[in-house]
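J.: Position in the sequence shown counted from 1, then plus 9, gives you our numbering.
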Amino acid sequence: METRLESSLHNRVYIIPDKDKNPSQVEHPWNIDVKSGSKPKKRLPKNTHIIDLFDRLGVGGRLLILGKPGAGKTTMLLELAKVLVQRVEEDLNEPVPVLLSLSSWQNNQQSISDWIVAELNSGKYYKFPKNITKQWLKDGEIIPLLDGLDELAAERQEKCVNKINEFLQPGNWIDQLVVCSRIEEYQLYSTQLALNTSVELQPFNEEQIQDYLRRTGNEQLWNSIRDEPELRELAQTPFLLNVIVLSSQKLSLNKWQEFQSSAERLNYLLSAYVEQMLGRGYQGKRPSDENTRRWLGWLALKLIKQNETEFFIEKIQPTWLENKGQRLSYKLSYGLIVGLILGLFFLLSYGLIRGLIIGLSGGLIIGLSGGLIRGNVVTFKKLHFSLKKNKYWLSHGLIIGLISGLISGLFFLPSYGLVIGLIVWLIRVLVIGLIMGLVVGLMGVLVEVLDSPPTETTNFPNQGIRQSIINVSILTILIVPICAPFFYYFGLVNKVDYDLSTAIITTLGFALLLATLLGGGIPVMQHLTLRLILWRFGQGGIPWNYAGFLNYATDRLFLQRVGGGYRFIHDLLRQHFANQPLSALGSNNPRISQ
C-alpha cells in the first residue's frame, strides 16, 4: 500500500520539482458526492477525508467508490488503507485491511469468501494458511478492500456483483467492505452492490485546478489550460492533471490544436508524457527509447489479452507464445535441454556419444509431445526440512534397502558356494541396504519437503524461478554424495569399464535429473525456454534482463513495482502503450510552459 501511494503521480508531482517538499502534507482536492440509499446525492465538505465517511454511522465501513478513469479511485482506496493500517499499529484488536484486485476473480462459480481465502494464500502479496484466513473472515478480523471491479471482462462484472452481494448477506460474518469501480461500467449493471453508501469522485473545477497548480509550483500552466477548452477538460481529471504538469515541457500548443478529436488529444498528451519521462536522467545502462516503447507495448497487449493488471516475471506462460513457429521452437528448445540432462544419465551405460544421442532423442520426444510442458509454469518455494519427518523417511528407507539387499544377495549363493556366498551375500546386504536406504529415504524427505510449501510472499522480481534454481542446486549437492557409491558399486558388480570422470559425470547427471524432477527444475527449464523464445523470436519481444528493464520502466514512472510484481501506473497509460505506434511524437513548436 505504501509503495503504491509513494509511486503515484500525485506524489511524484511534488517530488520531482522540489525534493524538499513532503507530498503527504499536500491534500488531494477531492470533489466528493455521497449517496446513501434512496436519498439524493450530497456534496461533502471540502477536505473531508475518506476515513471520516468510512466511520460514519449508517455507513459502517460498507462503502462503494465510483469515478471516471483517472479520477483517483484507487488513490482514495490506498489512503483509506493507510489510515486503517495505522489503527492496527496502534491497537492490535483493530481489523486488518487487505487490498485485493478483483481482476483475479476468474471463476464465475467461486464465492467471494473462497476467492479472498485463495488470494490471501496465493503468495503474490499475502501468504496466510487458508484455515486461519477463514477464521479471520468469520471473526471480522479483516477488512477486504476490493479494487478493479471494472477490470473484469464485461460479461463477468455483474456476476461478480452478485457474488459480492451474496458475501454481504447476514450470516456471512463480514462487517466492513469497500469496492472500487469506474462509474460508466457500474451504471450499466441491472444489479447494484448492497453497500450502505456510495462515493462518487467528481471532476475538478477551475478553482481547484488553479489552486493545485499553485501548490505544486506550476502556476505558469494555468493560462494555457484556461485558454484550451479540451485541455481544461482533461485537467479536471486528477491523473491527467498530473500528466499535464509532468509533461508540460514536451507539449506544443500548435501541435495540440491540429488534433480534432478528444481521443487524438489524449493520445498526444500521453505521448508527451512518455517522451518527457524517457528524457529524464538515469544512472546506469538504459535501453533505447524505441525498445522501451516496443517492450512496454508488448507487455500492455499481453496483459489486456490475459485480462490481467499485474505482471510477475515468473508468471509468463506458454499461452504468451504468439504463433505455431514459436510454440514449435519452445518444444524443440525444451527437448534439447531435457536431452542434455538425460544424456549425462545414460553416459555410464552407453558412453559419451551413444548416451548423448539417447538422451537428446528422448528429450526431443518429450518436448515435441509436450509431455512435461503442458499446462502452466508453476514455481517452487523454499525447501523446509522437518527433523521428525526426515527420521521417519530415512528409517523406512533403510528397511526397504535391507530387504532389497537380502533378496538380491540370494543370487550370489549358487555362484560362490555356501561359505563365500554367505559372506558376499552379507556384504551385498549391507552395501545395498545402506545405499538404497539413503536414496529411498532422501527421496521420501524430498517429497515431504516439496509437498508442504512454506508461508511466504513474492518480495522481489522472478523470486519463484530463482528459488527453484536454488532448490535444484541444493538437492543436487545433497544427492551426489549419496548416489556416487551406488554407481561405483554398480560398476564393480556388473564389471562396467569406465573411468572416474565418467562415473562422476553420470552421478551428476542422475543427481541433476532427480533434483530437477523433485526440486522445481522443470518450471525453471520451462521458464528459461519461454524467455529465450520470446526474447529471440517474439513480435515486439522482451529484453533478456527483464527485471532490469521493468525496474527502469518503474523509474520512468510508467510502471509501479509492488513486491515482486509490476503494474502500469494507470490503465489509461497501459491502453496508450498497447495502441501506440513505434514512432515518437516530437515537435520544435513553442511549448506550453513558455
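Even for Gly, the Cβ is constructed at its ideal location relative to N, Cα and C.
With distances taken from CA atoms, which of LYS77, ALA556, SER482 and GLY550 is nearest GLN196?
T.: Selected option, being the one with the closest Cα: LYS77.
J.: Could you tell me whether the region 117-124 touches the region 161-172, using the rule of 3 or more Cβ pairs below 8 Å?
T.: Yes, they touch.
J.: So, for LEU249: in the same chain, excluding its five sequence neighbours on each side, which residues have a beta-carbon less than 6 Å away from its beta-carbon?
T.: Once the five neighbours on either side are set aside, the close Cβ partners of LEU249 are GLY79 and LEU243.
J.: Looking at C-alpha atoms only, which residue of TYR277, ARG224 and ASN205 is the closest neighbour of GLU239?
T.: Comparing Cα-Cα distances from GLU239 to each of TYR277, ARG224 and ASN205, the minimum goes to TYR277.
J.: What first and last residue would you give for the beta strand (DSSP E) that runs through ARG71?
T.: Start and end: 71-76.
J.: In chain order, what residues of the same chain lie with their CB nearer than 6 Å to the CB of ARG576, ignoring the 5 residues before and after it?
T.: Hits under 6 Å: THR318, GLU319 and GLN569.
J.: Could you round the C-beta distance between ALA587 and LEU310 to whole angstroms and report it? I think they count as a contact, below 8 Å.
T.: The pair is a contact, with the Cβ atoms about 5 Å apart (cut-off 8 Å).
J.: Taking three-plus beta-carbon pairs below 8 Å as touching, is the region 138-150 in contact with the region 85-100?
T.: Contact fails: fewer than three Cβ-Cβ distances are below 8 Å.
J.: Let me know the secondary structure DSSP gives GLY574 once reduced to three states.
T.: DSSP places GLY574 in strand when its eight states are reduced to three.
J.: Rounded to a whole number of angstroms, what is the C-alpha to C-alpha distance between ASN263 and GLU273?
T.: Taking the straight line joining both Cα atoms gives about 14 Å.
J.: So, are the CB atoms of LEU210 and GLY81 less than 7 Å apart?
T.: It is a contact, given that the beta carbons lie within the stated cut-off.
J.: For LEU312 and LEU581, I'd like the C-alpha separation in whole angstroms.
T.: Their backbone Cα atoms lie some 13 Å apart in a straight line.
J.: Alpha carbon to alpha carbon, what distance is there between THR206 and LEU53?
T.: Going by the C-alpha atoms only, they are around 13 Å apart.
J.: For GLN335, does the count of other Cβ atoms within 10 angstroms reach 16, so buried, or fall short, so exposed?
T.: Its Cβ being crowded by 16 or more others within 10 Å, GLN335 is buried.
J.: Starting from SER338, follow its DSSP beta bridges and name the residues at the other end.
T.: DSSP lists no partner for SER338.
J.: Which same chain residues end up closer than 7 Å to PRO153 when comparing Cβ atoms and leaving out the 5 residues on each side of it in sequence?
T.: VAL107, LEU109, ILE125 and LEU186, listed in sequence order.
J.: Suppose only complete runs of 4+ residues qualify. What are the alpha helix (DSSP H) ranges in the region 272-338, listed by chain order?
T.: The region 272-338 contains these whole alpha helix (DSSP H) runs: 298-314.
J.: Jot down the residue ranges of each uninterrupted alpha helix (DSSP H) in the region 125-196, minimum 4 residues, whole runs only, in chain order.
T.: You should have 139-148, 163-177 and 192-195.
J.: What is the C-beta distance between PRO296 and PRO552, in whole angstroms, given that I count them as a contact (C-beta under 8 Å)?
T.: That pair is a contact at about 7 Å.
J.: Sort GLU193, SER256, ASP156 and GLY550 by Cα distance to THR83 and report the nearest one.
T.: Residue ASP156 is the option with its Cα nearest to THR83.
J.: Cα separation between PRO247 and ILE478?
T.: Those two C-alpha atoms are separated by around 44 Å.
J.: So, with DSSP's three-state summary, where would you put ARG65?
T.: In the structure shown, ARG65 sits in coil (DSSP, three-state: anything other than H, G, I, E or B).
J.: Contact check, SER112 vs GLU160 under 8 Å by CB: the rounded distance?
T.: Sure, about 4 Å apart at Cβ, within 8 Å.
J.: Under 7 Å between the Cβ atoms of ILE60 and MET85?
T.: No.
J.: Just mark ASN316 as buried or exposed, buried being the case when its beta carbon has 16 or more other beta carbons within 10 Å.
T.: By the neighbour-count rule (16 or more Cβ atoms within 10 Å), ASN316 is not buried but exposed.
J.: Restricting to runs no shorter than 4 residues, where is the alpha helix (DSSP H) found entirely within the region 77-120?
T.: Listed in chain order, they are 82-99.
J.: Among ARG583, LYS44 and VAL43, which has the Cα closest to the Cα of LYS314?
T.: Closest option to LYS314, Cα to Cα, is ARG583.
J.: Can the beta-carbon of ALA520 be found less than 7 Å from the beta-carbon of ILE488?
T.: Going by C-beta atoms, ALA520 is nearer than 7 Å to ILE488.
J.: Which of helix, strand or coil does DSSP assign to LYS44?
T.: If DSSP states are grouped into helix, strand and coil, LYS44 belongs with the strands.
J.: Could you give the DSSP three-state label for LEU262: helix, strand or coil?
T.: DSSP places LEU262 in helix when its eight states are reduced to three.
J.: Among TYR282, THR538 and GLN476, whose alpha-carbon lies nearest the alpha-carbon of THR258?
T.: Residue 258 is actually Gln in this sequence, not Thr. Answer by Cα proximity: TYR282.
J.: Do you know how far the Cα of ILE325 is from the Cα of THR563?
T.: About 19 Å.
J.: I believe LEU543 touches GLY550 by the beta-carbon criterion, under 8 Å. Please report the beta-carbon distance rounded to the nearest angstrom.
T.: LEU543 to GLY550, Cβ: 6 Å. Contact.
J.: What separation, rounded to the nearest whole angstrom, lies between the Cα atoms of LEU73 and SER190?
T.: Approximately 8 Å between the Cα atoms of the pair.
J.: Could you tell me which of SER256, LYS294, ASN251 and GLU237 sits nearest to PHE268, measuring between CA atoms?
T.: Minimum Cα distance to PHE268 is reached at GLU237.
J.: For TYR198, which residues from the same chain have a beta carbon less than 8 Å from its beta carbon, with the 5 sequence-adjacent residues on both sides left out?
T.: Within the same chain, TYR198 has close Cβ partners GLN166, GLU167 and VAL170.
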